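This report concerns only the one structure given below.
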Amino acid sequence: MPNAEIAIQLDRVSRQYTMGGATIRAVNDVSLSIARNEFLALLGSSGSGKSTLLNLIAGLDRPTSGSIMAQGQNLAELTSIELARYRCNTIGMIFQSFNLLPRMTLEENIELPLRLAEVDRGERPGRVREALERVRLTHRLGHRPTELSGGEQQRVAIARALVNRPKILLADEPTGNLDSTTGEAILSLLRDVQRQLEMTIVIVTHERPLAERYAGRLAIMGDGRLLTASETVKEDAR
Amino acid sequence: MKPRDLTDLAFRNLREAILRNALTTLGVAVGVASLVAMLSLGVGLQELASKRLSQSGLFDTIFVTPRNNFRGMGRPQREVQSDKPPRTLDEDARKEIEKLPNVIEVYPQVRFFTEVRFNNKPFATVVAGMPESSRNSGSFDGMQGNFFSSPTANEAILQIEFAKDLSEKPASLIGQDLVLRYAERQALPANDDSSSPSGEPSGGFSVVPKELRLKIVGIVETEPAAGYGGYGNARLLMPLSTASTLRAAQVNDLRDIVRDNTANKTTYPSLSVRAKSPSQVEELETSIKAMGFAAFSLLDASKSLRTFFSVFDLLLGIFGSLALAVATLGIVNTLVMAILERRREIGVLKALGAADSDVQQLFFVEAGVMGLFGGFFGVLFGWLLGRAITFGTNVYLKRQNLNPIELSSVPWWLVIAAVVFAILVSLAAGLYPASRAAKLNPVDALRYE
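First to last, the protein sequences are chains A and B. For the first sequence, this note's numbering assigns the number 2 to the initial residue and increments by one for each residue that follows. For the second sequence, this note's numbering assigns the number 904 to the initial residue and increments by one for each residue that follows.
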């Protein structure tokens, strides 16, 4: 794969923890290339290290060894402030438990990344509306997260992740708290977003059938290692 | 994050846990209130003392005497070495001193020991002449009755203890007359006796008993600017002009008659020189000493008074700060609790791109806002507390038939200083929680349920 085509390059990435004197290798020597506009699903059982790997790509954590290049930036070389800026501008992130701030309205929740990116106040309402339109929740602008269903909350989380127009969207078990129909709707939405905005999406999931249906490529982890990464890229997921 | 967004978020966070944050802010307010109340009492008492002292005329007045006559009432002499010989304190000297810059007035100390008759009973007392300017000096504020109707009136104001000697009901004395018996100096014709070593005529004077009827117009607590000249407090005050025209024999007369022929010339045992402000006293004192007179002022006493009140204020400030120190712990506690409660939120903020410094500043602003409100309400409570103490004290004073006083004072500098201090203390209290929140690992924080 030519370099220009690569969004994320993991090179022998390891992340170890010391717990009670024992060393735990949460991520062990993982090398993986993720192309631009690719929809990759990281599969694996609980404790396989897939969420840890996602956090490393997100710049929320730093690897013990190995390097991560994302959108041309070597994350190991970034200071904590630069890493924060990377999380703000390059990455959008969604979580299993949505992580919306319950005391803020949807509008305020979605505006939060714009505040952190110091986007002009005048520009913000338009950007918030645009993000909400993409997830078809414009009519719920003034509502609070607790007034929404799980699926709707996850759609708001997607809108919040997209509002700063990032190049990479990372999703940690985005369907984990949803029923299968809603989960499918969320993945369908993510695929639409990926196609329309030409984004790179990495999702962590343990629901293989769903992943096979929506992701372009599957990478399977076990015991901190990358077991297999399918070579073929489904054309309709690109 | 931009300051406005930071402030928005901080206010929003404070509003969410309104009860707890309000109680913490109240803690700060109580701390500031105790500090303000203590300091306002300190400032109030200082102002009260300064006002009383400046009303007394002690701090803007210089007491001038002939140089070899003044012994500073037992104090070490602080005289400026002057080449000029000692001079007589006469009318020429008075006029000369009056021409010095920053002098408001120069008046003689007319003060003599004499006898007063009231209801045909004799009373011995010291009489002093009061200059007309003392009418507006505040010294006679709160007196019973009135000040002299004119600078030359034959009227008297009695000191309260003297009034009590005259009558069991001092207030009833006002409007009544008393008789002043005094010794008038009458100059003798010049003596041609050639035994005078200088060959100059040596005059003298005879002392003739005289009487003057004075109407009692008022009663005052103490004599203003008393205690200089070595006669003790005067207990009967009369207009200076009236007192001067009496030509009553004074203690320096005998000495003057021995020393020189000044019987016809008015000499003064001492002069009081009033400066425009206490700050000019020192310079003026030096000028007068250079003219060949002895001069004394209470400037040093005023300086030590200021030192005393600085220490007093400091002590009050320390006691007041104790409550604020307790309130500081309240802020630390509230913010540390907030970190625990908002752990996940901090994780989300960091995942969305907040830098450690953004999180730190957010907690910092929250602490600062609590400090600002605490400081504002604290000043208000402190002021009210000061008013309450003043009110209570005045109720007590009124029952004791004493004049009301302004016990507490909250000047602008105290308001501003208290609010700024509250903010600074709150920010200091926010240091630890803010840095702890900033250091929170986002992965751990997001995992936290």
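Where is the CB? At the ideal position from N, CA and C, for every residue including glycine. It should be emphasised that the depicted structure is a prediction, and the values quoted were computed from it without experimental measurement.
Item to complete: Please check the pair ILE1234(B) and MET1273(B), which I expect to be a contact at CB under 8 angstroms, by giving their CB distance rounded to whole angstroms.
Response: About 6 angstroms separates the Cβ atoms of ILE1234(B) and MET1273(B), confirming a contact at the 8 angstroms cut-off.
Worksheet entry | Buried or exposed (CB count within 10 angstroms, at least 16 for buried), GLN1079(B) | Exposed, since its Cβ has fewer than 16 Cβ neighbours within 10 Å.
Worksheet item: Taking the alpha-carbon positions, what's the ALA1059(B) to PHE1065(B) distance?
Response: Approximately 12 angstroms between the Cα atoms of the pair.
Discussion item. Can you check whether the C-beta of ALA1258(B) is within less than 8 angstroms of a C-beta belonging to chain A?
Written reply: Closer than 8 angstroms: yes.
Fill in: Where GLU1269(B) meets chain A, residues with beta-carbon distance less than 9 angstroms
Those do not exist, as GLU1269(B) stays about 15 angstroms from chain A at its closest Cβ, beyond 9 angstroms.
Worksheet item: Should the region 39-48 of chain A be regarded as contacting the region 132-152 of chain A, the criterion being three or more beta carbon pairs within less than 8 angstroms?
Response: No, they do not touch.
Worksheet entry | Residue-chain proximity (GLU119(A), chain B), Cβ-Cβ < 8 angstroms | For GLU119(A), the nearest CB of chain B lies under 8 angstroms from its own CB, placing it at the interface with that chain.
Worksheet item: Residues in its own chain within less than 6 angstroms of GLN10(A) by CB, not counting five upstream and five downstream?
Response: For GLN10(A), where only same-chain residues beyond five positions count, the Cβ hits under 6 angstroms are SER34 and MET70.
Practice prompt. Anything in chain B within Cβ reach of SER81(A), meaning under 8 angstroms, just list it in chain order.
Written response: Near SER81(A) (Cβ distances below 8 angstroms), the residues of chain B are ALA1258 and ASP1259.
Item to complete: Scan the region 1235-1258 of chain B for residues whose Cβ lies nearer than 9 angstroms to a Cβ of chain A and list them as they occur along the chain.
Response: Here the close residues are ARG1247, GLU1248, GLY1250, VAL1251, LEU1252, LYS1253, ALA1254, LEU1255, GLY1256, ALA1257 and ALA1258.
Discussion item. For a test of the three-state rule: what should DSSP assign to ARG192(A), helix, strand or coil?
Written reply: Reduced to three states, the DSSP call for ARG192(A) is helix.
Worksheet item: Residue ranges of each alpha helix (DSSP H) run of no fewer than 4 residues wholly in the region 983-1030 of chain B, ordered along the chain?
Response: Correct list: 994-1001.
Discussion item. I need the boundaries of the beta strand (DSSP E) containing PRO1034(B), first residue and last residue.
Written reply: Secondary structure note for PRO1034(B): it is in no beta strand (DSSP E), with a DSSP letter that is neither H nor E.
Discussion item. One question on the structure: do LEU1174(B) and ILE1000(B) come within less than 8 angstroms of each other, judged by their Cβ atoms?
Written reply: Using a Cβ distance threshold of 8 angstroms, LEU1174(B) and ILE1000(B) count as a contacting pair.
Item to complete: Sort out for me which residues DSSP pairs ILE9(A) with in a bridge.
Response: ILE9(A) is bridged by DSSP to ILE35(A) and ALA71(A).
Discussion item. LEU1143(B) and LEU1061(B) - do their beta-carbons sit closer together than 8 angstroms?
Written reply: At a Cβ-Cβ threshold of 8 angstroms, LEU1061(B) and LEU1143(B) do not count as neighbours.
Practice prompt. Can you say whether LEU1117(B) is buried or exposed, counting buried as having 16 or more other CB atoms within 10 angstroms of its CB?
Written response: Buried, by the Cβ-count rule.
Discussion item. Distance cutoff 8 angstroms, beta carbons only. Does PHE1276(B) sit that close to anything in chain A?
Written reply: For PHE1276(B), the answer is no, since every Cβ of chain A falls outside 8 angstroms of its Cβ.
Practice prompt. Note down, in chain order, every chain B residue with its Cβ under 8 angstroms from the Cβ of ALA59(A).
Written response: The answer, in chain order, is ALA1254.
Worksheet item: Measuring CA to CA, which of ALA158(A), MET200(A), GLY177(A) and GLY184(A) is closest to PRO167(A)?
Response: Comparing alpha-carbon positions, the option among ALA158(A), MET200(A), GLY177(A) and GLY184(A) lying closest to PRO167(A) turns out to be MET200(A).
Practice prompt. Could you tell me the distance, in whole angstroms, from the CA atom of MET1046(B) to the CA atom of LYS1072(B)?
Written response: Near 15 angstroms, if we compare the C-alpha coordinates of LYS1072(B) and MET1046(B).
Item to complete: Please list the partners that ALA85(A) has in chain B, where partner means a Cβ-to-Cβ separation under 8 angstroms.
Response: Chain-order list of chain B residues neighbouring ALA85(A): LYS1253, GLY1256, ALA1257, ALA1258, ASP1259 and ASP1261, by C-beta distance under 8 angstroms.
Worksheet item: Are the region 98-108 of chain A and the region 1246-1253 of chain B touching, with three or more C-beta to C-beta distances below 8 angstroms?
Response: Yes: the two stretches touch, three or more of their Cβ pairs being nearer than 8 angstroms.
Worksheet item: Per DSSP, what kind of secondary structure is GLU1114(B) in: helix, strand or coil?
Response: Shown here, GLU1114(B) sits in a strand according to DSSP, grouped into three states.
Worksheet item: Leaving out five residues before and five after ARG915(B) in sequence, what residues of the same chain have Cβ atoms less than 6 angstroms from its Cβ?
Response: Closer than 6 angstroms at the Cβ level, and outside the excluded window around ARG915(B), lies no residue.
Item to complete: Would you mind reading off the limits of the beta strand (DSSP E) that contains ILE1308(B)?
Response: For ILE1308(B), no beta strand (DSSP E) run applies, since DSSP gives it neither H nor E.
Worksheet item: Closest by CA to SER1053(B), which one among ASP908(B), GLY1195(B) and ALA1146(B)?
Response: Nearest neighbour of SER1053(B) by Cα position, chosen from ASP908(B), GLY1195(B) and ALA1146(B), turns out to be ALA1146(B).
Practice prompt. Pick out whichever of SER68(A), LEU55(A) and ILE159(A) has its Cα sitting closest to the Cα of ARG192(A).
Written response: The residue among SER68(A), LEU55(A) and ILE159(A) with its C-alpha nearest the C-alpha of ARG192(A) is ILE159(A).
Fill in: Within-8 angstroms CB hit, PHE240(A) to chain B
Residue 240(A) cannot be examined here, being either before or after the span of chain A that is shown, 2 to 239.
Discussion item. Taking beta-carbon pairs under 7 angstroms, can you tell me which members of the region 106-118 of chain A lie near chain B?
Written reply: The residues in question are LEU113, PRO114, ARG116, LEU117 and ALA118.
Fill in: C-alpha gap between GLY1133(B) and PHE966(B), whole angstroms
In this prediction, GLY1133(B) scores a pLDDT of 41, lower than 50, which makes its location untrustworthy; the coordinate-derived value is nonetheless stated afterwards. Those two C-alpha atoms are separated by around 12 angstroms.
Discussion item. Taking 8 angstroms as the threshold (beta carbon to beta carbon), is ASN178(A) in contact with chain B?
Written reply: So, not an interface residue.
Worksheet entry | contact_flag[the region 1210-1230 of chain B, the region 1011-1026 of chain B] where n(CB pairs < 8 angstroms) is 3 or more | A contact between stretches requires three or more CB pairs, one per stretch, nearer than 8 angstroms, and the region 1210-1230 of chain B fails this requirement with the region 1011-1026 of chain B.
Worksheet entry | Beta-carbon spacing of VAL935(B), GLY1277(B) below 8 angstroms | Yes, these two residues count as a Cβ contact at 8 angstroms.
Fill in: Where PHE966(B) falls: helix, strand or coil (DSSP)
Annotated three-state conformation of PHE966(B) is strand, per DSSP.
Fill in: Local Cβ density within 10 Å of ALA913(B), reported as buried at 16 or more and exposed below that
Counting Cβ neighbours within 10 Å, ALA913(B) comes out buried, since at least 16 surround it.
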